[in-house]
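Peer 1:
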Amino acid sequence: MIFNFDNTYAELSSILYTEIIPEKIQNPQLLILNNELLKELNIEKSDDITEYLCANKLTANPIAMAYAGHQFGHFTMLGDGRAVLLGEQVTAKNERFDIQLKGSGITPYSRGGDGKAAAGSMLREYLYSAALEGLKINYPLQA
Amino acid sequence: MKDSNPYFILRNYKAEEAIEEYREKKSLEKIYTLLDVLKNPYENNLQYKYYQQPPESDYDKRYKTFCNT
Chain A
1 MIFNFDNTYA ELSSILYTEI IPEKIQNPQL LILNNELLKE LNIEKSDDIT
51 EYLCANKLTA NPIAMAYAGH QFGHFTMLGD GRAVLLGEQV TAKNERFDIQ
101 LKGSGITPYS RGGDGKAAAG SMLREYLYSA ALEGLKINYP LQA
Chain B
1001 MKDSNPYFIL RNYKAEEAIE EYREKKSLEK IYTLLDVLKN PYENNLQYKY
1051 YQQPPESDYD KRYKTFCNT
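So the protein lines, in turn, are chains A and B.
1 is the number of the first residue of the first sequence in our numbering; add one for each residue after it.
1001 is the number of the first residue of the second sequence in our numbering; add one for each residue after it.
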C-alpha cells in the first residue's frame, strides 16, 4: 500500500461529491517525481508508483468534489471539472494532505473540454510550484 | 534582508524555454536545471548567473498565460 488514506470527505453527504473511476491509461510514463515531497508525505515509492499516480491502481474510491462559490461576479455551482481526489493522506506526523489527480478526465462537474491536461501546462505548474517552494511561500505542491 | 530578497526568480521566458524543449525534443534537461536554480533562490549561485537575465524588452508584453494552464 503506497498511501495511508483516511478519507473524511467521503463521509460527508453524497451531494458533495461523485465517485469517479478515471479511465485507465495505457503505458503511463512518469515524467517527473518530487522525491522530497513523497518523503514528507510518507508516500511509499514503490516500483509501480506510476500506476497509482495515474489511478490505474487504486487504494480507495476516487471522488470529484462538488462546491460552489462566487466566480466572475455570480454565485455558481462548481466542482472538480478535471480532477479527482485520490484520497486524504495521513502522514507520520498525523498531518492530512489531499492527494489529487489533475487532468484525469471529465466529471459530472466538467463544463467544456475533455478533462485532460497537457504535459507542457503541467510542467509549467510544477515549475511555478517549485519556485514558490524555493521562495518559502506556502502553496499546494505537485508530485 | 537575505531571506527576503531572492537572487533568482522563475522568469517566464526561462520557464517557456524549458517547456518548449520538452515539447520539441522530449527532453527534461532544462526543466531539471531550472528546478535546481529555483531550489535555493536566496543563495547567489554564480553558476546560474544566466538565469538572472531579464527577457528581451518586449517579451512580457507578448507573454500570455491563462488560469490553470
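Built from N, CA and C at the ideal position, the CB exists for glycine as well.
Let me know the secondary structure DSSP gives A/TYR109 once reduced to three states.
Peer 2: Within the first sequence, the letter at position 109 stands for residue 109 of chain A. Of the three classes helix, strand and coil, the one that applies to A/TYR109 here is coil, per DSSP.
Peer 1: When DSSP builds the beta bridges, which residues end up paired with A/VAL84?
Peer 2: Walking along the first sequence from the start, residue 84 of chain A turns up at place 84. A/VAL84 has A/LEU101 as its beta-bridge partners, per DSSP.
Peer 1: Is the distance from the Cβ of A/SER104 to the Cβ of A/ARG124 below 8 Å?
Peer 2: Numbered from 1 along the first sequence, position 104 holds the residue referred to as residue 104 of chain A. Numbered from 1 along the first sequence, position 124 holds the residue referred to as residue 124 of chain A. No. Outside cutoff.
Peer 1: What residue does the alpha helix (DSSP H) around B/GLU988 start on, and which one ends it?
Peer 2: Nothing in the structure corresponds to residue 988 of chain B, since chain B is present only between 1001 and 1069.
Peer 1: Does A/ALA68 have its Cβ less than 8 Å from a Cβ in chain B?
Peer 2: Within the first sequence, the letter at position 68 stands for residue 68 of chain A. No, its Cβ sits nowhere closer than 8 Å to a Cβ of chain B.
Peer 1: Considering B/LEU1035, what are the terminal residues of the beta strand (DSSP E) in which it resides?
Peer 2: Counted from its first residue, the second sequence places residue 1035 of chain B at position 35. First-last for B/LEU1035: 1029-1039, but that is the alpha helix (DSSP H), not the beta strand (DSSP E).
Peer 1: Please list, in chain order, all residues of the same chain as A/LYS57 whose beta carbon is under 8 Å from its beta carbon, the five residues on each side excluded.
Peer 2: By 1-based counting over the first sequence, the position of residue 57 of chain A is 57. The residues are ASP48 and GLU51.
Peer 1: Could you list the residues in the segment 1030-1062 of chain B with a C-beta less than 9 Å from some C-beta on chain A, going in chain order?
Peer 2: ILE1031, TYR1032, LEU1034, LEU1035, VAL1037, LEU1038, LYS1039, ASN1040, PRO1041 and TYR1042
Peer 1: Assign A/LEU12 to one of two classes, buried (16 or more other C-beta atoms within 10 Å of its C-beta) or exposed (fewer than that).
Peer 2: Here residue 12 of chain A refers to the residue found at position 12 of the first sequence. Exposed is the call here.
Peer 1: Which residues in chain B have a C-beta closer than 9 Å to the C-beta of A/ILE32? List them in chain order.
Peer 2: Counting from 1 along the first sequence, the entry for residue 32 of chain A is found at position 32. Under the 9 Å cutoff, chain B gives LEU1028, ILE1031, TYR1032 and LEU1035.
Peer 1: What's the C-alpha gap between B/ASN946 and A/SER14?
Peer 2: No answer is possible for residue 946 of chain B: the residues shown for chain B start at 1001 and end at 1069.
Peer 1: Any heavy atom of the ligand ADP closer than 7 Å to the CB of A/PRO22?
Peer 2: The ligand content of the structure shown is nil, which means the ligand ADP is not present either.
Peer 1: Name the residues in the segment 105-132 of chain A whose C-beta lies less than 9 Å from a C-beta of chain B; which are they?
Peer 2: Under the 9 Å Cβ criterion, the segment 105-132 of chain A contributes ALA117, ALA118, ALA119, GLY120, SER121, LEU123, ARG124, GLU125, TYR126, LEU127, TYR128, ALA130, ALA131 and LEU132.
Peer 1: Please state the DSSP three-state secondary structure of A/ILE15.
Peer 2: For the purposes of this step, residue 15 of chain A is taken as residue 15 along the first sequence, with counting starting at 1. Three-state result, A/ILE15: helix.
Peer 1: Give me the Cβ distance between A/ILE99 and A/GLY87, rounded to the nearest whole Å; I'm assuming they're in contact under 8 Å.
Peer 2: Taking the first residue of the first sequence as 1, we reach residue 99 of chain A at position 99. Taking the first residue of the first sequence as 1, we reach residue 87 of chain A at position 87. Going by Cβ atoms, the distance from A/ILE99 to A/GLY87 rounds to 6 Å, so yes, they are a contact pair.
Peer 1: Mind pulling the chain B residues with CB within less than 7 Å of A/LEU135?
Peer 2: As a working note, residue 135 of chain A is residue 135 in the first sequence. Under the 7 Å cutoff, chain B gives PRO1006 and PRO1041.
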